[in-house]
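Counted from 1, the sequence shown has number 40 at position 36 by this note's numbering; the numbering is strictly sequential. The beta-carbon is built from N, C-alpha and C at its ideal position, and this holds for glycine as well. All of these numbers come straight from a predicted model, not from anything done at the bench.
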Amino acid sequence: MKNAESVLTANSTNIVMLRGACLWMIMALILAWCMVGLNFGVPGLPDIFQGKQTRVLQAHIDFLLMSALILGYYAARVPFPWHVRWAMVVGAFTNSSLFLLMGIFPVLDTAEPPQQLGQHLFQYYLFASLITTSYGFGKGAVLILKSTLGRDSKD
């Protein structure tokens, strides 16, 4: 009975993860249509996506990958603390949006040290995203691993 309660608690507790994964899949779909529009020369889209089109593709793929990761963590049915759930969902968005921002603002897509205020802000956003994403998915992995310890295993 306790295992059934734990699954129910995990499903209701981790609902923000399902919502986030669905939102980021929708974002990936929107970006897919934007790439189609860019390829067909839809007016206005090149004005929005002034950077490399490969960055838009990277954002599209990253939104899909992050959604899949979140769904995988959700499927483990381990209840996560609020800060882990939110770090996964927010980190998944910010991480994927890094590529999107580079596709929109080509000045951000450079290996040279930041020169402009926007580039400095982007660097802070990048590092905050990396820390948030790493914390959420890393702590989630540790919690899932801990939940497997002490379980009876036939392997």
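For residue j and residue i, the rounded distance between their alpha carbons
i, j, result
"Met5", "Pro118", "Confidence at Met5 is low in this model, with a pLDDT of 45, below 50, so the placement of that residue should be treated as unreliable; the coordinate-derived value is given next. The alpha-carbon atoms of Met5 and Pro118 are separated by roughly 57 Å."
"Asp113", "Gly154", "47 Å"
"Leu35", "Ile148", "32 Å"
"Phe103", "Val60", "7 Å"
"Phe44", "Gln57", "13 Å"
"Gly76", "Gly55", "32 Å"
"Trp86", "Ile65", "26 Å"
"Asn18", "Ala115", "38 Å"
"Asn15", "Ala80", "10 Å"
Burial state of residue i (16 or more Cβ within 10 Å)
i, result
"Cys26", "exposed"
"Ser71", "buried"
"Arg23", "exposed"
Helix, strand or coil at residue i [DSSP, three-state]
i, result
"Gly144", "helix"
"Ala115", "coil"
"Gln110", "The identity of residue 110 in the sequence shown is Pro, whereas the question assumes Gln. In the structure shown, Pro110 sits in a helix (DSSP, three-state: H, G or I)."
"Pro85", "coil"
"Leu75", "helix"
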